[in-house]
Structures are given as structure tokens and as C-alpha cells.
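Taken in order, these protein sequences are the chains called A and B.
Counting in our numbering, the first sequence runs from 1 upward without gaps.
Counting in our numbering, the second sequence runs from 1001 upward without gaps.
Backbone N, C-alpha and C fix where the C-beta goes; we use that ideal spot for every residue, glycine too.
Reading through the C-alpha cells given below for one structure.
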Amino acid sequence: MYSVPMIRKELVAASAEPLILSLLSKGESYGYAIIQEVKQRSGGKLQWTDGMLYPVLHRMERRGLIKARWGESETGRKRKYYSLKKDGKAAMAKHQEQWSLVHSVLAGLKNEQYV
Amino acid sequence: MFNLEISIAEWRQQMLAAGIQPAALEELESHLREELERQTRAGVDAQQAFESAAQTLGTAPGLVVEFGKDGILNKSKHWILTEITIAAITGMVSILLLCMAIFQWGTLRDATTGQWVSCLAAAIVFVLATWGVRFGYGFFPVIGSEQTRNVAVIAFPLVVMAWWGIFFRIVLPHWDLTMSQLTTCLFWNLFVPGGLVAGLGWGMAAAFRKKNILVNS
Chain A
1 MYSVPMIRKE
11 LVAASAEPLI
21 LSLLSKGESY
31 GYAIIQEVKQ
41 RSGGKLQWTD
51 GMLYPVLHRM
61 ERRGLIKARW
71 GESETGRKRK
81 YYSLKKDGKA
91 AMAKHQEQWS
101 LVHSVLAGLK
111 NEQYV
Chain B
1001 MFNLEISIAE
1011 WRQQMLAAGI
1021 QPAALEELES
1031 HLREELERQT
1041 RAGVDAQQAF
1051 ESAAQTLGTA
1061 PGLVVEFGKD
1071 GILNKSKHWI
1081 LTEITIAAIT
1091 GMVSILLLCM
1101 AIFQWGTLRD
1111 ATTGQWVSCL
1121 AAAIVFVLAT
1131 WGVRFGYGFF
1141 PVIGSEQTRN
1151 VAVIAFPLVV
1161 MAWWGIFFRI
1171 VLPHWDLTMS
1181 QLTTCLFWNL
1191 FVPGGLVAGL
1201 GWGMAAAFRK
1211 KNILVNS
């Protein structure tokens, strides 16, 4: 069976922000859960060095795209939850538009190759 | 014998020594513990789980580079300090002026109703100029050119200082004022222009910063 190779690190880095924004648009979440969900949804092909997520989250928080609050897990451990702000929703829409465009150009070119 | 808590404490020390901020470390530790929990639930022994969890989290030098990538980190601290300083100074002057005017403190003890109202108005203008502009900076034009910003930063205070010079050296000596008249004059000619310039600079800096953060990176 054809298998997709691991995604290159440049692409992983570029996709981090749109993925985080899109995940948070479903509701608030925390670093560990975000990483697990991306891993699971990509079948393990999209792997972040776990710690690298946090500087990205903090940057997005400072830019006013997301906000954070400290809460607790079911077992009482401290957890930092992130949620989307208004500017984050706008940024997400922009990202999705751009990625869709890249995708449609790629898909169009791919189809033409088989004509 | 492997001790999980000691290992975590050592890991924390390494991260702190490398320069990771305590607030960020709290979050990283929370992540580390989530991963440890998941692995031990899956039957991995504690030592192995700790080693692999620490490894996937990343090395201390690598994380410091990632956290440091964005220069905004330091600038943001610098900016917060600047804002606190401006807020403290303008806040104290605001309170002092308002109290002086409202309760007729010090040189305003013998003020006439007219002088009293005038001082109160000046104090209110000062407060509005400094704080109103700070919170209404959304309406401010953002000056993109660094050169123009620098010129503005130097020129505005210079204009006010020049006015203060003219006022104290040339205008005041020609007037023979009572203490309460003098105080009213100082309210309008010393504090109001100072407040306007402080508010203007503060508002412009805030507007520039807000735009820069949203557009860049």
C-alpha cells in the first residue's frame, strides 16, 4: 500500500498556526491534547517535537489570536487551557483560504498530468 | 533506584539553568507529566517513560532557541515596564492635581470660585489627555517610518519644554500674581501641555505596537 512519508519540518512549522487555530475553533484545549489530536488526525505523519508547540502558542497569545487560562485536569493537575479570540477567528479564515488555494492549484495540476 | 520526582526536579533545574522562564516551565512540566501518565498507564516503567517523555519534549538548549526566536518577548517586557512607569507618573500627577483642585489644597486654599473651577477643569483636561489617548489609541494614525517616529518623540517634548522656558522666563516675571492665581496659571501652562505630550506619545507608541504585533510574524 502507498504510504505518505513523514512531513518535512518546514511544512510542519508552516502548518502549526492554522492547525492550532482550527483545533481551538472547536473549543478550548491544552498543549498536550493539541499535539495528540494532530498526531492522531495525521496518522502520526505530522509530528511536532512536543516542546516546540509552546513557543508557538505563546507567540499567538501575544499577538492576540488566542487567550490562555490556568485550570485543572480531572486528576487535579495544573493545565494551561487556550481558546480562540476574535482576531484568531479572522486569522484562521485567512489561513484556510490560502491553504485551500494552494491545495486547489496542486490538485488541478495533478489532474492535468493524467489527461 | 530511580526516583521520578527527583528526576523531574533535576530536569526542571536544567531547563531553568538554560534560561527557560518559570511560567513556561510550569506548562512544559504539566505536559511532561501528562505524557508520563499516558506511558505508565500503557505499562511502560517509570524510568523509561521519563526518559522518552523528556526526549520528545525537546532539549533545554533547543527549547530556549525556540522560545527566544521571537524578539517580541524581550520587547514586550520592556514595553510593560515603560507603560507601568508612564502610568505611575501620570497617575500620581493626575491624583495630585485632582485632589489639589477638589479639596483646595495648599496654594489653592484662598482661591476664588473662578480659579477653583479653572484648576479643576485643567486637572480634568490633564487626566483626559494622558489616559484618554492611551485607551483611545485605536483612532490614532500609525507612523510606519522609524525616522518620523523618532522626530516626533524628540520634537513634541522639545516644543513643550520651549513653551515652559518662555512661560517661566519671559511671561511669568511680567505678572504680579497671588499664590492661587499662580497655581491656576501653572495648572494650565505647565501640566496641561505636559499631559498632552505624554498622552500623545503614549498613544502613538501603543498604536504602533498593536499594529506591529498583529501584522508581523
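What is the DSSP secondary structure of residue i, counted as helix, strand or coil?
i	result
A1111(B)	coil
A1121(B)	helix
A1042(B)	coil
E1027(B)	helix
L1081(B)	helix
E74(A)	coil
L1096(B)	helix
L106(A)	helix
G1062(B)	helix
V1192(B)	helix
Q1104(B)	coil
N1003(B)	coil
Q1219(B)	Because residue 1219(B) is not part of the residues shown, which for chain B are 1001 to 1217, the question remains open.
F1140(B)	coil
Q1021(B)	coil
W1116(B)	helix
W1175(B)	coil
S1145(B)	coil
P5(A)	coil
Does the beta-carbon of residue i have 16 or more other beta-carbons within 10 angstroms, so that it is buried, or is it exposed?
i	result
F1067(B)	buried
Q1013(B)	exposed
M52(A)	buried
Q1048(B)	exposed
R69(A)	exposed
Q113(A)	exposed
T1148(B)	exposed
Q1115(B)	buried
W1175(B)	exposed
C1099(B)	exposed
W1105(B)	exposed
S1030(B)	buried
H58(A)	buried
F1103(B)	exposed
A1088(B)	exposed
L1126(B)	The question names Leu, yet the displayed sequence has Phe at residue 1126(B). So F1126(B) ends up on the buried side.
I1166(B)	exposed
L1050(B)	According to the sequence provided, residue 1050(B) is Phe. The question's Leu does not apply to it. Classification for F1050(B): buried.
L1032(B)	buried
K94(A)	exposed
Are the beta-carbon atoms of residue i and residue j separated by less than 8 Å?
i	j	result
L1004(B)	A1046(B)	yes
I1143(B)	M1204(B)	yes
L11(A)	S83(A)	no
L46(A)	I20(A)	no
A1122(B)	V1192(B)	yes
D87(A)	G1058(B)	no
L1200(B)	F1139(B)	no
K85(A)	G64(A)	yes
Y32(A)	E1035(B)	yes
E17(A)	V56(A)	yes
E1037(B)	K78(A)	no
A1198(B)	T1085(B)	no
L1097(B)	F1168(B)	no
G1194(B)	V1160(B)	yes
L1024(B)	Y54(A)	Note that residue 1024(B) is Ala in the sequence shown, not Leu. It is a contact, given that the beta carbons lie within the stated cut-off.
A1060(B)	I1095(B)	no
W1079(B)	R1134(B)	no
L1120(B)	S1180(B)	no
* Asked: Mind listing which residues of the region 24-40 of chain A have their C-beta closer than 9 Å to chain B's C-betas, in chain order?
  -> Flagged, chain order: Y30, G31, Y32, A33, I35, Q36.
* **Short-range partners of chain A found in the region 1142-1156 of chain B, where Cβ spacing is below 8 Å** => Going along the region 1142-1156 of chain B in chain order, one finds no residue with a Cβ nearer than 8 Å to chain A.
* **Residues, ordered as in the chain, of the region 1043-1062 of chain B that lie near chain A by beta-carbon distance below 8 Å** => So the list reads T1056, L1057, G1058, G1062, given in the order they occur along the chain.
* Contacting positions in the region 1011-1026 of chain B - beta carbon closer than 8 Å to chain A -> Listed by position, the residues of the region 1011-1026 of chain B near chain A (Cβ gap below 8 Å) are A1024, E1026.
* To do: Run through the region 7-93 of chain A for me and flag every whole beta strand (DSSP E) of 3 or more residues, listed as ranges in chain order.
  => Listed in chain order, the beta strand (DSSP E) elements of length 3 or more contained wholly in the region 7-93 of chain A are 66-72, 78-84.
* **Near-chain B residues of the region 68-84 of chain A (beta-carbon distance less than 7 Å), N- to C-terminal order** => Those would be R77, K78, R79, K80, in chain order.
* Using a Cβ cut-off of 7 Å, which residues of the region 1097-1127 of chain B contact any Cβ in chain A, in chain order? -> Flagged: no residues at all.
* **Contacting positions in the region 43-56 of chain A - beta carbon closer than 7 Å to chain B** => Flagged, chain order: T49, D50, G51, M52, Y54, P55.
* Asked: Listed from N- to C-terminal order along the chain, which residues in the region 1078-1090 of chain B have their beta-carbon within a distance smaller than 8 Å of any beta-carbon of chain A?
  -> If the cut-off is 8 Å between Cβ atoms, the region 1078-1090 of chain B has nothing near chain A.
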